[in-house]
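Inspection log for the structure reproduced underneath, given as structure tokens.
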Amino acid sequence: MKEKRILLTAIGSFSARAIIKRLKELGFFVFGMDCYPKEWVVNAALVDGFIQVPLVSKEEDYEEACFSIVENRGIDAIFPLTDIEVDYFYKNRKKYEEKGIVLLLPKGDLSLIRNKYLLGRNLSLSMEKGFSIIEGKSYEEMDFSEPEFPLVAKLKSGRSSEGLHY
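In UniProt numbering, the protein residues as written are 1 to 166.
Given below as structure tokens:
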């Protein structure tokens, strides 16, 4: 049976090490890419191959790099790790699907996972016993005359620490 080859994006990101480890345990060939040079990306030593690519915000250059990697490295699937890359691949999924490239993306509408408040509400309604989340409130629900501390404010659509205030 042919070894499955996965292109993992943003391997310099925080979550990459655990994902690389698990994919390797499952027997995948993991090819990594990042916007930084190999020498700056610690996780580059953990993958079977690495290439530096343009920033995803430079969509045409990024797309050209992705298609080139898939074609030249025999990639079966692309696994985007960061929100901005998930958004890019979701928006452009038809181009990739037409070329037979499998994108490992969430199914359905991304608006739920992009809105931290709605996602939290949705998860709290469907949590199994023994699991919990920190309940969030919308700006409109907050009583700022007597705030509860610690208080962490984050944009509903914030990514990672983007828009985070203490």
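Using N, Cα and C, we set each Cβ at its ideal position, and we do this for glycine too.
Sort GLU97, ASN92, VAL30 by Cα distance to ASN43 and report the nearest one.
The shortest CA-to-CA distance from ASN43 to any of GLU97, ASN92, VAL30 is the one to VAL30.
If you follow the alpha helix (DSSP H) that VAL30 is part of, which residue opens it and which one closes it?
Looking at the DSSP string, VAL30 is not in any alpha helix (DSSP H); the run it does join, the beta strand (DSSP E), is 29-34.
Name the two residues that bound the continuous alpha helix (DSSP H) containing ILE19.
Element bounds for ILE19: 16-25.
Can you tell me where the alpha helix (DSSP H) with residue 173 in it begins and where it stops?
The structure shown does not extend to residue 173, since the chain spans only 1 to 166, so no value can be given for it.
Let me check understanding here. Comparing Cα to Cα, which of SER145, ARG5, ALA153 lies closest to GLY74?
That would be ARG5, whose Cα lies nearest to the Cα of GLY74.
Determine the direct distance from the alpha carbon of LEU118 to that of ASP48, and round the result to whole angstroms.
Distance from the CA atom of ASP48 to the CA atom of LEU118, rounded to whole angstroms, is 38 Å.
Limits of the alpha helix (DSSP H) - the one that ILE78 falls within
Where ILE78 is concerned, there is no enclosing alpha helix (DSSP H), although the beta strand (DSSP E) it sits in stretches over 77-79.
How about ALA10 and ASP34: are their beta carbons less than 9 Å apart?
Yes, they are a contact pair.
Contact belief for PHE79 with LEU110 at Cβ below 8 Å, rounded distance in angstroms
Contact flag wrong, Cβ pair sits at about 16 Å.
Output the boundary residues of the beta strand (DSSP E) element that contains ILE84.
No beta strand (DSSP E) holds ILE84; the alpha helix (DSSP H) holding it covers 83-91.
Rounded to a whole number of angstroms, what is the C-alpha to C-alpha distance between GLU39 and ASP143?
Straight-line Cα distance between these residues: approximately 49 Å.
Would a check of beta-carbon distances place LYS116 closer than 9 Å to chain C?
No chain C is present in this structure, which holds just one protein chain.
Pop quiz: VAL56 and TYR62 are said to be a contact at Cβ under 8 Å. What is the actual Cβ separation, rounded to whole angstroms?
At roughly 5 Å, the Cβ-Cβ gap stays under 8 Å, so VAL56 and TYR62 are in contact.
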